[in-house]
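Student:
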Amino acid sequence: MIKYDIYKFIDLAGDTAALAKRNRGKEAGQADVINYVRAILEYPDPLDIATVRQIYNANGWQSSITDGAKIAAIINHSAIATPNDIENVFIRCVAVLYPPPSSAYAFSLTLDMTNKYFRRMALNIGRVAKRRK
């Protein structure tokens, strides 16, 4: 789509903006954060991102804007070369989307051995082991 410059004919922000307008007055959720992350990472036109940001501001969804920008920055600034790198980025993003109640908790991933056809991970949260002095 980039190669043939088709994006100029597509309203990428349209669906996200329309959904946000329909949800005006409602509390923002994780889907709104993820939609804002997608806008930052996928929309080639800065005006589309600005449109979504403007509607989110009008809805009072500042936390979705800040969390979405944090997650997009994590993804943009991560050097991914191995599956472990992907897992680390994912855990960092999840920690922004679902902040643990305190630093005593942390997310981890374990391989789901019940699925034999593709790699699937289970997300866990648990207490961080205290360091002994």
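Going left to right, the sequence shown walks through residues 1 to 133 as my numbering numbers them. We put the beta carbon where it would ideally sit given N, CA and C, even for glycine.
Please report how far the alpha carbon of W61 lies from the alpha carbon of T82, in whole angstroms.
Tutor: In the sequence shown, residue 61 corresponds to position 61, counting from 1. In the sequence shown, residue 82 corresponds to position 82, counting from 1. Rounded to whole angstroms, the gap between the alpha carbons of W61 and T82 is 35 angstroms.
Student: I need the boundaries of the beta strand (DSSP E) containing N124, first residue and last residue.
Tutor: On the sequence shown, position 124 is the one that residue 124 refers to. Element bounds for N124: 121–127.
Student: Considering just the uninterrupted stretch of the alpha helix (DSSP H) at T51, what are its terminal residues?
Tutor: As a working note, residue 51 is residue 51 in the sequence shown. That run of the alpha helix (DSSP H) goes 46–59.
Student: Tell me whether the beta-carbon of I49 lies closer than 7 angstroms to the beta-carbon of Y43.
Tutor: By 1-based counting over the sequence shown, the position of residue 49 is 49. By 1-based counting over the sequence shown, the position of residue 43 is 43. It is a contact, given that the beta carbons lie within the stated cut-off.
Student: How many Å lie between V96 and A69 at the Cα?
Tutor: Here residue 96 corresponds to residue number 96 of the sequence shown, with the count starting at 1. Here residue 69 corresponds to residue number 69 of the sequence shown, with the count starting at 1. When rounded, the distance between both Cα atoms is 10 angstroms.
Student: Sort out for me which residues DSSP pairs L111 with in a bridge.
Tutor: As a working note, residue 111 is residue 111 in the sequence shown. Listed as beta-bridge partners of L111 by DSSP are M121.
Student: Going by C-alpha to C-alpha distance, which of L19, V128, I40 sits closest to D140?
Tutor: Here the chain covers residues 1 to 133 and nothing more, so residue 140 does not appear.
Student: Looking at the secondary structure, which residues open and close the alpha helix (DSSP H) in which K70 lies?
Tutor: For this step, residue 70 is matched to residue 70 along the sequence shown. First-last of the alpha helix (DSSP H) with K70: 62–76.
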